[in-house]
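Sequence lines, in order, name chains A and B.
In terms of the numbering used here, the first sequence opens at residue -11 and continues consecutively.
In terms of the numbering used here, the second sequence opens at residue 8 and continues consecutively.
The structure appears right after this line, and notes come after that.
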Amino acid sequence: MPTYQIKVNGASKTVDVSEDTPVLWVLRDHLDLVGTKYGCGIGQCGACTIHVDGTAMRSCSMTMTQIDGKSITTIEGLSENGDHPVQQAWKEVDVPQCGYCQAGQIMTASAFLAQNPNPSEEEVKNAMHGNICRCASYTRIKKAVMIAAENME
Amino acid sequence: MSTNNKNLSRRAFLRNSSLAGGGMLIGFNLFQACKPKVISEPAIDLASLDYKDFNAFIKIADNGAVTIFSPNPEVGQGVKTSMPMIVAEELDVAWKNVHVEQGILDTENYTRQVAGGSQSIRFGWDALRQTGAAAKQMLVSAAAARWGVDPSECTVSEGVITNAAGETLGYGDVVNDAAQLEVPEDIKLKSPKDYKIIGKDAANVDIDEIITGKPLYGLDYKEEGMVYAAVVRPPAFGHKLVSYDATEAKAMPGVMDVFTIGEKLRALKEEVPRITNITSDSDKIVVIAGSTWEALKAKEAIKVEWEEASKAESTADHDKILMDLLDGNKFETQRADGNVKKAFAEADQILERTYESPFLPHSCMEPMNFFAAVTDEKVRLIGPIQTPEGTAGFVAQMLGRDPKDIHLEMTRIGGGFGRRLYGDFAIEAAEIADKVRKPVKLVFSKEDDMEDGIYRMAIKYRIKAGVKDGKVIAYHLKEAAVNSNMYGLIPNFFPAGAIENYQVDTASYNSNITTGAWRAPYTNFLAYAEQSFFDELAEMMEVDKIQLRLDLLDKVKPEEDERIQYSPERMKEVIRVAVEKSGWGKKPDNVYQGFVNYYCHNTHVAEVADVEIENGEAVVKKITCVVDCGIVVNPLGAMNQIEGGVLDGVGHSMYGELSFENGRPTATNYDKYRLLRMREAPEVVTYFIENEHSPTGLGEPTLPPAGGAIANAFKAATGNRLYKQPFANTPELLKAPVKEIIG
């Protein structure tokens, strides 16, 4: 099987997997980074969102070939101590119900705010529209993103 | 407030012991009203203690640290936070100093270690408070004895005991003495006005782990030597395995084995008829591989021949069958007051309407999965399950093992909504592990989840009312459902008791499609049907829609009928507050409102939906929700449940639909199955009725009214009544009347 070099949360990793293995399963099964979640496997729910060179991407729909040599950030590496402004806002608002989708929500929100630090509410809704929360914590997700934006200023 | 609770034997649910390492442990049986049970064993370092009678524990260390073991599965409803809060309140410790651990299940005889029916807090309320209070009294007695004073001279605040002279002792200072004392017989509980923890916002106890991506869920569980299993399931309901060829799959990277399961489960079903409908009788093909992806991928490479062993059904069949049932006379009567037939004959006006709903999948974000390891010594099961006790029992029976050999640990659950009440996935994992004899994690793909679900069944209601001299004199509700009908007290919900001639009849059709409980079973659709009907009834009678409901409530006398458990007074109060807070009848011309009041899971709710016209289409903008669930333990968590329940109700009545064609669901993933997303989520504004009633359910009761509230608001906005869910399937009925567009 081919060998791939990737940088995950600042550390270089070598993985030996078949070329069609989705990044999601490399993270979860091979690198023990289980914060990135499997939801649908077809890029529809956003639970598996990671940052690839700073851009939010669906790890379930990316193969190792597509990210070879690139730098990946997962929820585990978003901040040193869980104190990224988005994580802090999630805590302040107490967003989660079951919590399963929230890592993906946080990764989407943090990449979005890095691009657009002063969003309107409409922009936040559009940015977060691709991430499903089956518990429907949408009211709190929206509020937390707005608070994070304020705190990042 | 003090209680004597003469009907409870204190010893039946409380026991005290000292800890070997210093400190004390109080065990309690949360559901002491149930029959006495024998075995339970906490997960952590308590195994050496002779502590077999209880399903929850408080541990107080001699440094004053408090650990509370939370016994019930955490499925997103927040009990892992709120149940320990109740204990901490009466124990009188600072919430920030409490550490919460998930308790485990042992194999035998737990009483109600279940997440379902919105009942955890309701059933736990008395026992949780009494346990905290008993421990506190023992700690105070120990301190008083050391000072040589009467315990009544001592006060407690946040784990520090103070005597009349102003001397202080911490719980940790006296805990080893307290551990020697008998559990007191007369336990004094706090008055709600003295609460410091209950009623205050507390964040989810797992929040730090969730936001940093720590392993919490079943799918995250992993151990040395574990292999992965994926299962090839029948492609359609009614299909059965004939043969398969796994030559290609077995040659794929990481694939270790391919075999079939099903035999043991079929044998179990023969012994336990009530689980016959949780999964198909066909053999299934299992792939064992070194990683999840390798297992899922190898499934696709297996060549399989299936046969149609029983009819592969379609939605068109169900529509016809259920309509025929409503038109027919094969009903079972659930409640009958007076004589509806006679009353209809005497009525001046009759209204009859039929309401239809589709199958729904649960769509949990975390696909079904379970870890199992079977050895000659024991069976270990780890994963997300709402019914640990029942599932462990089924596994023991299926594998012919002593229930004591089954060790089950519950992980945090990535959504349940009823799906994880059925342990089919854990039973499957156990059958696989028994064959492979290695620690194994069974993983469903999202498609497996949707195609082999245990769905909310399709249901149709027909409601008929008769009016004479301006009064509702008769009400007849008929239910036709796939596989099973409403149960328990549902036939006695409002308007039962309000109408002299009242009847509820049910009929069902047995399908080979597996169905089961789905958040707020039956009421999740019934509330919309009935509340739409009341609105239309008021229109026919030319009376005010809310006044009609209030007039009906005036006639209800729960004291004369024990089946009626809703309170007309509490219902009227949620209605009053909803009218006031929603600005009912006082909105600008471009806001159209719909009203619903409802009772289920022991909680009274009123909701008002605000709909506006945007680009010619009616859009839900806001839901005002008023809830009487008694004392609110954790307002922050409670509001989250309410917002989620309301939006779940809105989302599924707008978009939720699973159709079948020849036994196959027409949607198998989120590309075709539509769930509510951010832009479609209206604002939810919540108000609680403040009172000192004991707490009632909250995970479910705000969902059912939401569909009715938006349907009634859509009628106000568009002039169209909606008789069939999901509403988005009939976009022409959601358009503004022509004058609106021109104007």
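Idealized CB from N, CA, C, for every residue including glycine.
Being a predicted model, the structure only gives us computed values, none of them experimental.
**Message:** For chain A, check one thing: does any of its Cβ atoms lie closer than 8 Å to the Cβ of T219/B?
**Reply:** Yes, because at least one Cβ of chain A sits closer than 8 Å to the Cβ of T219/B.
**Request:** Rank I135/A, A91/A and C86/A by C-alpha distance to the C-alpha of L652/B and give the top, closest one.
**Result:** The residue you asked about is not Leu; residue 652/B is Gly in the sequence shown. With distances taken between Cα atoms, G652/B lies closest to C86/A.
**Request:** Check the Cβ-Cβ distances between A151/A and every residue of chain B, and say whether any is below 8 Å.
**Result:** Past the edges of chain A, shown from -11 to 141, lies residue 151/A, and the structure says nothing about it.
**Prompt:** What are the boundary residues of the alpha helix (DSSP H) that D455/B is part of?
**Reply:** From DSSP, the alpha helix (DSSP H) with D455/B extends over K453 to E458.
**Prompt:** What three-state label does DSSP hand M259/B in the structure shown?
**Reply:** M259/B: coil per DSSP, three-state reduction.
**Prompt:** When the distance is taken between beta carbons, is V626/B closer than 8 Å to Q618/B?
**Reply:** The amino acid at residue 618/B is misidentified as Gln; the sequence shows Val. Yes, these two residues count as a Cβ contact at 8 Å.
**Asked** Would A99/A pass as a contact of G42/A if the rule is Cβ separation under 8 Å?
**Response** The answer is yes: Cβ separation under 8 Å.
**Prompt:** Residues bridged to W313/B by DSSP?
**Reply:** In the DSSP output, where bridge partners are listed per residue, W313/B has L248/B.
**Given D324/B as reference, the closest of S518/B, D409/B and K411/B once Cα atoms are compared** = Distance check between D324/B and each of S518/B, D409/B and K411/B places S518/B closest, using alpha-carbon atoms only.
**Prompt:** Does C371/B come within less than 8 Å of chain A when only Cβ atoms are used?
**Reply:** Closer than 8 Å to the CB of C371/B there is at least one CB belonging to chain A.
**Message:** Please return the same chain residues whose Cβ sits closer than 6 Å to the Cβ of Y605/B, not counting the five positions on each side in sequence.
**Reply:** Answer for Y605/B: A534, V612, P711 and P712, listed in chain order.
**Message:** Quick check: E363/B and K467/B, are their CB atoms within less than 8 Å of each other?
**Reply:** With respect to K467/B, E363/B sits close: the two C-beta atoms are nearer than 8 Å.
**Prompt:** In chain order, which beta strand (DSSP E) runs of at least 3 residues are fully inside the stretch 202 to 236 of chain B?
**Reply:** You should have found no qualifying run.
**Asked** Can you name the start and end residues of the beta strand (DSSP E) that E364/B belongs to?
**Response** What sits at residue 364/B in the sequence shown is Ser, not Glu. First-last of the beta strand (DSSP E) with S364/B: Q356 to S364.
**Contact list for L226/B against chain A, beta-carbon separation under 7 Å** = Ordered by position in chain A, the residues that pass the 7 Å Cβ test against L226/B are Y26.
**Prompt:** Shortest alpha-carbon distance to P199/B belongs to which of M661/B, G637/B, E353/B and L388/B?
**Reply:** If we check each option's Cα against that of P199/B, G637/B comes out closest.
**Request:** Assuming L135/B and I93/B form a contact by the criterion Cβ under 8 Å, report the distance between their Cβ atoms to the nearest whole angstrom.
**Result:** Correct: roughly 4 Å between the Cβ atoms.
**Request:** Could you list which residues in chain B have their beta carbon closer than 7 Å to that of G42/A, in chain order?
**Result:** Correct list: empty, because the minimum Cβ distance to chain B is about 18 Å.
**Item:** At least three beta-carbon pairs within less than 8 Å, the stretch 377 to 387 of chain B to the stretch 443 to 458 of chain B
**Value:** At 8 Å Cβ cutoff, the stretches touch.
**Item:** Pick from A316/B, V489/B, K348/B and L559/B that is closest to F501/B, judged by C-alpha positions
**Value:** Nearest neighbour of F501/B by Cα position, chosen from A316/B, V489/B, K348/B and L559/B, turns out to be L559/B.
**Prompt:** Between the C-alpha atoms of E739/B and F366/B, what's the straight-line distance to the nearest angstrom?
**Reply:** For E739/B and F366/B, the distance between alpha carbons rounds to 23 Å.
**Message:** Going by DSSP in three states, G714/B sits in which element: helix, strand or coil?
**Reply:** When secondary structure is reduced to three states using DSSP, G714/B falls in the helix class.
**Asked** Under three-state DSSP, which class holds I104/B?
**Response** In the sequence under discussion, the amino acid at residue 104/B is Asn, which differs from the Ile named in the question. Three-state DSSP puts N104/B in a helix.
**Request:** Kindly indicate which three-state DSSP category R18/B falls into: helix, strand or coil?
**Result:** With a pLDDT of 41 at R18/B, under the threshold of 50, the predicted position of this residue should be treated as unreliable, and no value is reported.
**Prompt:** Residues in its own chain within less than 8 Å of V581/B by CB, not counting five upstream and five downstream?
**Reply:** Around V581/B: N604, H611, V612, A613, V633, V634, D635 and I696.
**Request:** Starting from R469/B, follow its DSSP beta bridges and name the residues at the other end.
**Result:** Answer by DSSP bridge pairing, in chain order: T361/B and K485/B.
**Three-way DSSP call (helix, strand, coil) for N284/B in this model** = The answer is coil: DSSP assigns N284/B none of H, G, I, E or B.
**Request:** Could you tell me if K564/B is buried or exposed, where buried requires 16 or more neighbouring beta carbons within 10 angstroms of its beta carbon?
**Result:** With fewer than 16 other beta carbons inside 10 angstroms of its own, K564/B counts as exposed.
**Member of L428/B, T418/B and T254/B whose CA lies at the smallest distance from the CA of V262/B** = Closest by alpha carbon: T254/B.
**Through-space distance from Q109/B to Q39/B, alpha-carbon basis** = Confidence at Q39/B is low in this model, with a pLDDT of 38, below 50, so its placement is unreliable and the value that follows should be read with caution. Answer to the nearest angstrom: the Cα atoms are 20 Å apart.
**Item:** At least three beta-carbon pairs within less than 8 Å, the stretch 292 to 311 of chain B to the stretch 236 to 251 of chain B
**Value:** The stretch 292 to 311 of chain B makes contact with the stretch 236 to 251 of chain B, as at least three CB pairs between them are under 8 Å.
**Partners in chain A for N531/B, counting only beta-carbon separations shorter than 8 Å** = Ordered by position in chain A, no residue passes the 8 Å Cβ test against N531/B, which lies about 14 Å from the chain.
**Item:** E707/B beta carbon near the ligand ADP (any heavy atom closer than 7 Å)
**Value:** Within the structure as shown, the ligand ADP is missing, as the structure has no ligands at all.
**Asked** If you pair each beta-carbon of the stretch 210 to 227 of chain B with each one of the stretch 64 to 84 of chain A, do three or more pairs fall below 8 Å?
**Response** At 8 Å Cβ cutoff, the stretches touch.
**Request:** Check whether the stretch 666 to 682 of chain B touches the stretch 25 to 39 of chain A, taking contact to mean three or more Cβ pairs, one atom from each stretch, closer than 8 Å.
**Result:** As far as the Cβ criterion goes, the stretch 666 to 682 of chain B touches the stretch 25 to 39 of chain A, which means the pair count is three or higher.
**Message:** Suppose you measure from the CA of L272/B to the CA of Y529/B; what does that come to, to the nearest Å?
**Reply:** Each residue's Cα considered, the two are about 28 Å apart.
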